[in-house]
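What follows is a set of notes on a single structure, which appears directly below.
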Amino acid sequence: MSTQHKIQSIYTDGACTGNPGPGGWGTVVYFSDDSIHEMGDAASHTTNNKMEIQAAIAALQYLQASGQTEPITLYTDSEYVIKSITQWMKGWKKRGWKKADGNPVQNQDLLQILDDLNSDLAVNWQHVRGHSGNIGNERCDAIARAFANGKIPSLQQSSPLDSQPSLPPKNEINVAKVPDSHANSTIINNKEQEISTLASDITIMESHITPTAAAIDEKPPELRVTQLRNLVETLRIADEIANKGYLITSSELADLMDVHASAVTSRGDQWRWRNWIVSRVRREGNQILWELERGDQVGGESE
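The numbering used here numbers the first residue of the sequence shown as 839 and each following residue consecutively.
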């Protein structure tokens, strides 16, 4: 890989509606020449953590296939992924993939793939706060949520290694299928996939800033009307929660906003979502309780 087209950083994110439920993941690769490569896919029945891991696996497979030996920084808003790799992995393996309480480690199959890839590569794992305005994180979230909602976002594709002779011939590539409960995407075995092939398995090149309305919303008018009705119902529920002074948990609030829970807990004690001011009230056991208050005339952060 030329120094002009070197991978500098990678962002990853996962999303799930229902948790478990339909999910999606997104990965964005940034190069030194300002080019960008985006990847993503969907799963019909999965969890948020599985999608977070899947996004990281795709990132490291892409890095490995590039042949780059220089270290890169991988950014994720998933503390679960970060701690799995940097803190918990050594103990899990020492105990035979058991947690400290003796219970089996969840998502062991995917975590083993991620660990194997990470062991062969120079990766600096970095946590980034979700929904904080970081362009890479926001773009990954948009890709993941689009796939989770059954949409196909337009992805910017880059095939930097088309002219590189060091990669194995395509007929030597060994492709393995991850079970549908983890992802509907094809997972490429270690050290065996050239990036141009991986790119062709995803979606066609387009802008990385925001998926175009035509690409995401190519659906019948009646479906769009149904989605608008669902939105109105969501807003009505939020208004009722605010008017009656109900307190809701982080996971309930995330379901209402159609985001994963980290997007709620990472925002701080008070912030704005659509027409409401969302305030952290108190903690009860392991749950954080939130309050909604109409604040149409109050400035602040919006979804």
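Using N, Cα and C, we set each Cβ at its ideal position, and we do this for glycine too.
Taking the straight line between their C-alpha atoms, what separation do you get for residue i and residue j?
i       : j       : result
Pro1059 : Arg1067 : 12 Å
Gly862  : Ile981  : 8 Å
Leu1073 : Glu1129 : 15 Å
Asp1077 : Thr1103 : 21 Å
Pro909  : His883  : 34 Å
Arg1132 : Glu1090 : 18 Å
Gly940  : Ser1088 : 28 Å
Pro942  : Arg1062 : 43 Å
Gly856  : Leu1085 : 20 Å
Asp872  : Tyr913  : 17 Å
Gly988  : Ala880  : 8 Å
Lys844  : Ile973  : 20 Å
Gln892  : Trp926  : 18 Å
Ala960  : Gln950  : 17 Å
Gln906  : Gly971  : 29 Å
Gly1123 : Ala1092 : 18 Å
Gln1125 : Ser904  : 43 Å
Ile848  : Lys1082 : 44 Å
Lys1008 : Leu952  : In this prediction, Lys1008 scores a pLDDT of 32, lower than 50, which makes its location untrustworthy; no coordinate-derived value is stated.
Gln846  : Ala894  : 15 Å
Leu1069 : Arg1121 : 29 Å
Asp954  : Leu1094 : 37 Å
Arg933  : Glu917  : 22 Å
Ala938  : Trp930  : 8 Å
Report the three-state DSSP secondary structure of residue i (helix, strand or coil).
i       : result
Ala960  : coil
Pro909  : coil
Ile874  : strand
Asp939  : coil
Ile1150 : Since the first residue of the chain shown is 839 and the last is 1141, residue 1150 is not available in this structure.
Ile1058 : Just to set this straight, residue 1058 is Pro in the shown sequence, not Ile. Pro1058: coil per DSSP, three-state reduction.
Val1097 : coil
His843  : helix
Gly859  : strand
Thr865  : strand
Gln995  : coil
Cys854  : strand
Leu901  : helix
Gln944  : coil
Arg1105 : coil
Arg1112 : coil
Ser1019 : Since pLDDT at Ser1019 reaches only 42, below the 50 mark, its modelled position is unreliable, and the value read off the structure follows with that caveat. Reduced to three states, the DSSP call for Ser1019 is coil.
Ser970  : coil
Gln1031 : Low local confidence applies: a pLDDT of 41 at Gln1031 is under 50, so the model's placement there is unreliable, and no value is given.
I'd like to check one pair, residue j with residue i: are the Cβ atoms closer than 8 Å?
i       : j       : result
Ser992  : Phe869  : no
Ala896  : Thr865  : yes
Gln946  : Trp963  : no
Ala986  : Pro858  : no
Asp1096 : Asn975  : no
Asp915  : Arg977  : no
Asn886  : His1098 : yes
Ala1080 : Trp1111 : no
Give me the DSSP bridge partner(s) of residue i.
i       : result
Trp930  : According to DSSP, Trp930 bridges with nothing at all.
Cys978  : Per DSSP, none; premise fails for Cys978.
Glu1129 : Leu1085 and Ser1117
His883  : According to DSSP, which records beta bridges pairwise, His883 is partnered with nothing at all.
Glu1122 : Gln1125
Ile848  : Val867 and Leu912
His965  : Thr914
If residue i and residue j are in contact, beta carbons under 8 Å, what's the gap, nearest whole angstrom?
i       : j       : result
Ala853  : Met889  : 6 Å
Ile920  : His965  : 5 Å
Gln1108 : Val1116 : 7 Å
Gln902  : Asp958  : 7 Å
Gln994  : His875  : 7 Å
With a threshold of 8 Å between beta carbons, is residue i in contact with chain D?
i      : result
Gly968 : Absent from the structure is chain D; it holds one protein chain and no more.
Any heavy atom of the ligand SAH inside 7 Å of the beta-carbon of residue i?
i      : result
Thr907 : As presented, the structure is devoid of all ligands, the ligand SAH included, so that no description of it is given.
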